[in-house]
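Participant: By the count of the working numbering, the sequence shown reaches residue 697 at its end, each step adding exactly one. Structure provided below as structure tokens; questions to follow.
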Amino acid sequence: MTPSGRRGPQMALCSVQGGFTLVELLIAVGLVLVMIAVILPTLTQTFQVNRTAVSAQAVTGYAKSVIEQTSALWLTRDSTPGATDPYPWLSAGTLPVLQAAPTGVTCQPPSSLALGAASPLGRRRLTVTCSTAANGTLTFIMDIGRP
């Protein structure tokens, strides 16, 4: 009682507990670990596929460059008066000066094979073979003919 004779307000004793129990935390951590165990192999495989694709793209770009340079040289017409063969670079199988292969790519020198026995030579087959650690050996073949 208070000196005036009235009762004071009563303090309600309540205990508010917040947070998680140890069991709930262990279950949450276990679920996160299971999710990581499921996702991690897929993520690793995705990175490997990406590395392989980048390597294949480098090889393909280089082979395409070699084929385009060679085709441009072979199909350049010789405008020298009295020339018996209008496309001497095609007939001879002359290869242009090629750029170096990209890093991590090993390429054999391109090869040229005459197709047909017509004179002057009508077609040549250009073969570019490159290898990488990720893709193994890739071979690109293109037949180039006189116009």
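Ideal Cβ positions, reconstructed from N, Cα and C, are used throughout, including at glycine.
#1: Residue 655 to residue 689, Cα distance in whole Å?
#2: Could you spell out the range, first to last residue, of the beta strand (DSSP E) harbouring residue 615?
#3: So, is residue 579 buried or exposed, given that buried needs 16 or more other C-beta atoms within 10 angstroms?
#4: Determine the extent of the beta strand (DSSP E) in which residue 681 is found, giving its start and end residues.
#5: Only counting the same chain, and skipping five residues up and downstream in sequence, which positions put a Cβ closer than 7 Å to that of residue 661?
#6: Spell out a yes or no on whether the segment 643–658 and the segment 612–628 are touching, meaning 3 or more CB-CB pairs, one atom from each, closer than 8 Å.
#7: State the start and end residues of the unbroken beta strand (DSSP E) segment that holds residue 629.
#8: Looking only at its own chain, which residues have a Cβ that is under 8 Å from the Cβ of residue 586, when we skip the five neighbours before and after it?
#9: Tell me whether residue 650 sits in a helix, a strand or coil according to DSSP, three-state version.
#10: In angstroms, rounded to a whole number, what distance separates the CA positions of residue 687 and residue 653?
#11: Roughly how many angstroms separate the alpha carbons of residue 594 and residue 601, rounded to a whole number?
Facilitator: Reading off the structure:
#1: Numbered from 1 along the sequence shown, position 105 holds the residue referred to as residue 655. Numbered from 1 along the sequence shown, position 139 holds the residue referred to as residue 689. Cα-Cα distance, rounded: 13 Å.
#2: In the sequence shown, the residue the question calls residue 615 occupies position 65. Element bounds for residue 615: not the beta strand (DSSP E) but the alpha helix (DSSP H), 572–624.
#3: Taking the first residue of the sequence shown as position 1, residue 579 is located at position 29. So residue 579 ends up on the exposed side.
#4: The residue you call residue 681 lines up with position 131 of the sequence shown. 673–682 is the span of the beta strand (DSSP E), which, as asked, contains residue 681.
#5: Here residue 661 corresponds to residue number 111 of the sequence shown, with the count starting at 1. Result list for residue 661: 677, in chain order.
#6: yes
#7: Here the question's residue 629 lines up with position 79 in the sequence shown. Element bounds for residue 629: n/a, residue is neither H nor E.
#8: Here residue 586 refers to the residue found at position 36 of the sequence shown. Closer than 8 Å at the Cβ level, and outside the excluded window around residue 586, lies no residue.
#9: Here residue 650 refers to the residue found at position 100 of the sequence shown. Of the three classes helix, strand and coil, the one that applies to residue 650 here is coil, per DSSP.
#10: Mapped onto the sequence shown, residue 687 falls at position 137. Mapped onto the sequence shown, residue 653 falls at position 103. Their Cα atoms are separated by approximately 15 Å.
#11: For this step, residue 594 is matched to residue 44 along the sequence shown. For this step, residue 601 is matched to residue 51 along the sequence shown. If I take the Cα positions, the gap works out to 11 Å.
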